[in-house]
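Here the structure is laid out as structure tokens; the discussion comes afterwards.
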Amino acid sequence: HNPVAMGWQIGDRIAVASTRPRSQGTSQSFRITAFGSQNSVELSDPFLDAHDAQHFLGGGGSAALRAAEVVNLQRNVIISGDDFRHVPCDHNLPESIQGEQTSTLGCRCSSFRTECTVGLHTMHMHSGTHRVQNVRVEKCGQRGIEGKYCLHLHHMGSCPACLFRNNAVEFGMQRGLIVHGTHLSVSDANVFYDVRGAAMYVEDGNEMANTLQYNVAVCPWPHSHNVLHGCTVPGTSNGQADTALNVAGIYMLSPTTNLVGNRVAGHFNGMLVDAGTMGRG
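All the letters of the sequence shown, read from the start, carry residue numbers 881 to 1161 under our numbering.
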């Protein structure tokens, strides 16, 4: 691909995923310093890990490319906030969903949570249409507080005009993009980098015919990291989606989702469909 034709510019920040097996590599981000011949890009720093690119013959003799994912994290419109802060839990907050030990009203104390990590969150709920395109969202998500995510469609019902397209989500503390109680929406060509928990999450199992297409999720940290443990995050309402139990780039309760051309790098699970469990409406 021609990076200039794609709109990339000198100074843009890009990330390159590691290609080490079993989620053991470290991805890197760089600044573009120049464009060279044959669609090459010059970067601000040297590579520190494996970033392979290989052609091979697939079934029927057709050529295929297996290469490190490269994503552009630069956008002109930025939704940002203060740095993350840790807030103590409150024993008096009501539980939103029985048994999940979380609250929509704040940081609820639980058997696995004494504090929450709080950034900004966005949500569109109940009515209207929601379209977010070409935006960078960062320092987002509120770990341990129910419903507080980076990008969130909440109980929109049938919403074929709802669209997330070409957004970049980075430094997320509780999942990236959530589709909840919403049908027929489209999430297209978004990138997720250093998002803790599931990058894309279809929440309840009652969601119908939503489309996730050509999105890329990159976890930059090895799963064996002594502190970060990949992109796992404790203290959320769903240990299967977010913690070391089964953290996934794409997590779904709904098997009736259209999945086209998505790529996931560095996550413990690329995709986990937890079908058959009970949705919560």
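Think of the CB as a built atom: it goes at the ideal place given N, C-alpha and C, for glycine as much as any other residue.
- By the 16-neighbour rule on beta-carbons within 10 angstroms, E1018 is buried.
- Residue environment: E922 is assigned as exposed (fewer than 16 neighbouring CB atoms within 10 Å of its CB, all protein chains considered).
- Shortest Cα-Cα distance from H881 to any of L1033, L1125, V951, M1005 involves V951.
- A1069 and V1098 have their C-alpha atoms spaced approximately 13 Å apart.
- Counting the other CB atoms within 10 Å of its CB gives D970 a total below 16, which places it among the exposed residues.
- In the DSSP assignment, the residues bridged to E922 are A914.
- Within the DSSP bridge table, the entry for E1050 names E1018, Y1073 as partners.
- If you draw a straight line from the Cα of A885 to the Cα of S1065, it comes to about 29 Å.
- DSSP, read as helix, strand or coil, puts P1135 in coil.
- Taking C-beta atoms under 8 Å as the contact rule, V1049 and V1075 qualify, at a distance of about 6 Å.
- Under DSSP, M1151 takes part in a beta bridge, and its partners are I1130.
- Annotation: the continuous beta strand (DSSP E) that includes G1037 extends over 1031-1038.
- The shortest C-alpha to C-alpha distance from Q981 to any of A1124, G1119, V1140 is the one to G1119.
- Excluding its 5 nearest sequence neighbours in each direction, L937 has C-beta neighbours in its own chain below 8 Å: A943, A944, listed in chain order.
- By the C-beta density criterion, M1053 is buried, having at least 16 other C-beta atoms within 10 angstroms.
- Within the same chain, L1031, F1044, N1047 come within 7 Å of V1012 by CB-CB distance, once the 5 residues on both sides are set aside.
- Of the candidates P1100, Q934, Q978, P1100 places its Cα closest to the Cα of I894.
- DSSP places D1122 in the uninterrupted alpha helix (DSSP H) bounded by 1119-1122.
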